[in-house]
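With the working numbering as the guide, the letters of the sequence shown map in order to residues 41 to 624. Note that the Cβ used here is the ideal one computed from N, Cα and C, for glycine as well.
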Amino acid sequence: MSIAETAGGRPPWRLLLDYVRPHRRSLLAGAALSLVTGATGLLLPLVARKLIDDLGHDRSISGALLALTALVVANSAVGALGSFVLRRTAESVVLGARRALSSYLLRLKITAVDRSEPGDLMARITSDTTLLREVTTAPLVGLGTGGLTLAATVVMMGVVDPVLLGVTLAVIVCAGTVLGVIVPRINRASRRAQDAVGVMGASLERVLGALRTVKASGAEHREEATLHAAAEESWRQSVRAAKWSAAAGNTAGLAMQTAFITVLAVGGARVATGAIEIGTLVAFLLYVFYLMSPIQQVVGAITQYQTGSAALSRIQEALGLPAEPVSRPGPLPSPATGPASLDFADVRFRYADDLPYVHHGVTFSVPARGMTAFVGPSGAGKTTVFSLVERFYDPESGVIALDGRDLADWDLSGLRSSIGYVEQDAPVLSGSLRDNLLLGNPSADDDTVRGVLKTTRLEGLVERLPQGLDTLVGHRGTKLSGGERQRVAIARALLRSPRLLLLDEATSQLDAVNEAALRDTVADVARTTTVLVVAHRLSTVTMADRIVVMDAGRVRAVGTHRELVAGDPLYAELAATQFLATVD
Ligand code: ADP
Ligand code: MG
Numbered sequence: 041m042s043i044a045e046t047a048g049g050r051p052p053w054r055l056l057l058d059y060v061r062p063h064r065r066s067l068l069a070g071a072a073l074s075l076v077t078g079a080t081g082l083l084l085p086l087v088a089r090k091l092i093d094d095l096g097h098d099r100s101i102s103g104a105l106l107a108l109t110a111l112v113v114a115n116s117a118v119g120a121l122g123s124f125v126l127r128r129t130a131e132s133v134v135l136g137a138r139r140a141l142s143s144y145l146l147r148l149k150i151t152a153v154d155r156s157e158p159g160d161l162m163a164r165i166t167s168d169t170t171l172l173r174e175v176t177t178a179p180l181v182g183l184g185t186g187g188l189t190l191a192a193t194v195v196m197m198g199v200v201d202p203v204l205l206g207v208t209l210a211v212i213v214c215a216g217t218v219l220g221v222i223v224p225r226i227n228r229a230s231r232r233a234q235d236a237v238g239v240m241g242a243s244l245e246r247v248l249g250a251l252r253t254v255k256a257s258g259a260e261h262r263e264e265a266t267l268h269a270a271a272e273e274s275w276r277q278s279v280r281a282a283k284w285s286a287a288a289g290n291t292a293g294l295a296m297q298t299a300f301i302t303v304l305a306v307g308g309a310r311v312a313t314g315a316i317e318i319g320t321l322v323a324f325l326l327y328v329f330y331l332m333s334p335i336q337q338v339v340g341a342i343t344q345y346q347t348g349s350a351a352l353s354r355i356q357e358a359l360g361l362p363a364e365p366v367s368r369p370g371p372l373p374s375p376a377t378g379p380a381s382l383d384f385a386d387v388r389f390r391y392a393d394d395l396p397y398v399h400h401g402v403t404f405s406v407p408a409r410g411m412t413a414f415v416g417p418s419g420a421g422k423t424t425v426f427s428l429v430e431r432f433y434d435p436e437s438g439v440i441a442l443d444g445r446d447l448a449d450w451d452l453s454g455l456r457s458s459i460g461y462v463e464q465d466a467p468v469l470s471g472s473l474r475d476n477l478l479l480g481n482p483s484a485d486d487d488t489v490r491g492v493l494k495t496t497r498l499e500g501l502v503e504r505l506p507q508g509l510d511t512l513v514g515h516r517g518t519k520l521s522g523g524e525r526q527r528v529a530i531a532r533a534l535l536r537s538p539r540l541l542l543l544d545e546a547t548s549q550l551d552a553v554n555e556a557a558l559r560d561t562v563a564d565v566a567r568t569t570t571v572l573v574v575a576h577r578l579s580t581v582t583m584a585d586r587i588v589v590m591d592a593g594r595v596r597a598v599g600t601h602r603e604l605v606a607g608d609p610l611y612a613e614l615a616a617t618q619f620l621a622t623v624d
């Protein structure tokens, strides 16, 4: 099961374990190396005690010195290897989270996308997952090895002198109480800091997505203020988290200093009374010294975990958004071929529960093959018809059927592979012209591409461009004109050899010559494919086999141009003005 599927409702630490589980071997290896590092460190005081004893009794110290050197070298070598293994594992965990999250976001339902800010989702993939690096391995291992080393050190301390151990533990318990108060504050501040990064991502995306409009409106200063406010909020919260983390670290440090001094005082008194040897006190003090690093590890683990669990809960939120079912990868079980038929039966639909209905019982039938034009005033619900056919949304009631089969019964990718869709604003993606054309059918061969370029009248453009099909078109195709973008979008849809072609005001920005040429192409395609067009020009509508007149979420009339001019006043009026749907 993927992480995405198990995300719902788990506490952050369980989720953390889900992310870490695939890497448990390297994590364990790293933990083992850290333990060995800790153990070699733990032996040092014993060797030191022997050294002092040897010195005191005038024995040769070369053996003890050699052991000391070997331990120090082993300690640093194994320590370095261990920390590398752990960091590598941490990067693998981040990779796993990024893969899971990006696959998930690509499958998000359009309704979920409508409700979210893409910039914020982006921040969750890039920034929040990075924080996982800090939290998955180091704290887990820190907690494990630090805890074990801590326990071992405490046992050794007990062996050396139980009284001094009691003194040390009392100090540690006091510090632990203080930490209990600090730690939740780190979590809260981290969460707010990451939320602010998300807000910043959202504002950035908003500005960069429409930089021309922002500049033309002279709104740079206001957008700048919004961006800065988000950045400053993230700063404020991160500083707050830093403050509490520092306090936590300092509490641990202070506790150790206190323990050191107390042990020195109490131990000194015990040496004076002859209760313990001076070597024992030195060994104990060294243990107190060695307690420092596991305690810091454990405290560090706890504070880092707070940051990480804040990021995790943001990742978990993204994984909780509704997504489309996973489609089978690879070739589909051969979908039907030939033109498709489409039926809407009493379809009622609204974009969200708190929004008014857009379709109030839409009914029409489109047989296989031929061209059907949708006309009606702006806002009538024409684009929504296409969105429903692509199953970007599901109707609230009523049935939409392709080939007589309810869309709900179709495999989603099977359904979409039957359809070529040119959206109203003809989106073009950043990348080369070729990338854009082959987006919907990467396996199209050169001859086919050439043929489609010819029918969509893009040959001239491709010849003119110095790099031809490999020319980069810029973000959203800004380097192309509106008409060129539309023709690229149409070419892309045609290259899919769809069974159902949906054109939403696809030629609205073309000049008359190109429009007429494409009209002929579309008429040609309609001989072998079912074509639905939202039309804005009378010329397109008059050549349609049937016209569906929509108004305010209802189908007013269906018929040919001649029938409708005579029978439908709205259509007659639209036809009289030549423009059948204002471009919106
Ligand atoms: P048309 O294409 O006929 O001009 P649309 O189908 O695009 O009309 O839109 C019909 C209505 O649905 C409009 O009132 C519009 O505001 C609303 N609408 C369109 N898309 C969305 C959306 N994603 N979320 C909410 N409302 C929407
Ligand atoms: Mg529209």
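Smallest Cα separation from Leu505: which of Leu204, Leu209, Leu473? Leu473
What do you get for Val303, buried or exposed, if any count of 16 or more other CB atoms within 10 angstroms of its CB means buried? buried
Three CB pairs or more closer than 8 Å across the segment 141-158 and the segment 183-196: no
Who are the Cβ neighbours of Pro52 in its own chain at under 7 Å, not counting the five residues just before and after it? Ser349, Leu352, Ser353
Please confirm whether Ala380 and Thr570 have their CB atoms less than 9 Å apart. yes
Is the segment 64-84 touching the segment 177-188, taking contact as three or more C-beta pairs under 8 Å? yes
Residues in its own chain within less than 7 Å of Leu604 by CB, not counting five upstream and five downstream? Ile587, Val589, Ala597, Tyr611
Is it true that the CB of Ile335 sits closer than 9 Å to the CB of Leu190? yes
Taking the alpha-carbon of Lys90 as reference, which of Thr80, Gly81, Leu108 has the nearest alpha-carbon? Leu108
Under a three-way DSSP split, which group does Phe432 fall into? coil
beta-carbon Thr423 near ligand 2 non-hydrogen atom, thresh 8 Å: yes
Which listed residue (Asp585, Trp450, His399) has its alpha carbon closest to that of Gly593: His399
Does the Cβ-Cβ distance between Pro362 and Leu501 come in under 9 Å? no
State buried or exposed for Asn290, treating a residue as buried only when at least 16 other CB atoms are found within 10 Å of its CB. exposed
Return yes when the C-beta of Asp154 is under 8 Å from any heavy atom of ligand 2, and no when it is not. no
Determine the DSSP secondary structure at Met590, reduced to helix, strand or coil. strand
Going along the chain, which residues of its own chain have a beta-carbon closer than 6 Å to the beta-carbon of Met162, five neighbours each way excluded? Gly241
Proximity of Pro365 and Leu452 at Cβ, strictly below 9 Å: yes
Grouping DSSP H, G and I as helix and E and B as strand, with all else coil, what is Ala363? strand
Rounded to whole angstroms, what's the CA-CA distance from Tyr345 to Phe324? Just pull it up for me. 31 Å
Only counting the same chain, and skipping five residues up and downstream in sequence, which positions put a Cβ closer than 6 Å to that of Gly96? none
What residue range does the beta strand (DSSP E) around Asp383 cover? 382-389
Return yes when the C-beta of Glu545 is under 8 Å from any heavy atom of ligand 2, and no when it is not. yes
Using 8 Å for Cβ pairs, my map puts Ala413 next to Val573. What's the rounded Cβ distance? 5 Å
With 16 as the cutoff for other CB atoms within 10 Å, does Pro538 come out buried or exposed? buried
Which whole-angstrom value describes the C-beta separation of Leu542 and Ser458, a residue pair presumed to lie in contact below a C-beta threshold of 8 Å? The Cβ separation is near 11 Å, so there is no contact.
Does the beta-carbon distance from Arg164 to Ala358 come in below 9 Å? yes
Quick one: is Val279 buried, meaning 16 or more other Cβ sit within 10 Å of its Cβ, or exposed? exposed
Measure the Cβ-Cβ separation of Thr496 and Asp564 and say whether it is below 9 Å. no
Have a look at Phe384 and Leu55 and give me their C-alpha separation to the nearest angstrom. 43 Å
Do the CB positions of Leu84 and Leu244 come within less than 9 Å of each other? no
Reducing DSSP to helix, strand and coil, say where Val462 ends up. strand
Just how far apart, CA to CA, sit Glu124 and Asp201? Residue 124 is actually Phe in this sequence, not Glu. Cα to Cα, the separation comes out at about 36 Å.
Note down, in chain order, each residue of its chain lying with its Cβ closer than 7 Å to the Cβ of Asn115, except the 5 sequence neighbours on either side. Thr77, Thr80, Gly81
Expressed to the nearest angstrom, what Euclidean distance is found between the alpha-carbon atoms of Thr266 and Arg225? 26 Å
Coil, strand or helix - Ala315 by DSSP: coil
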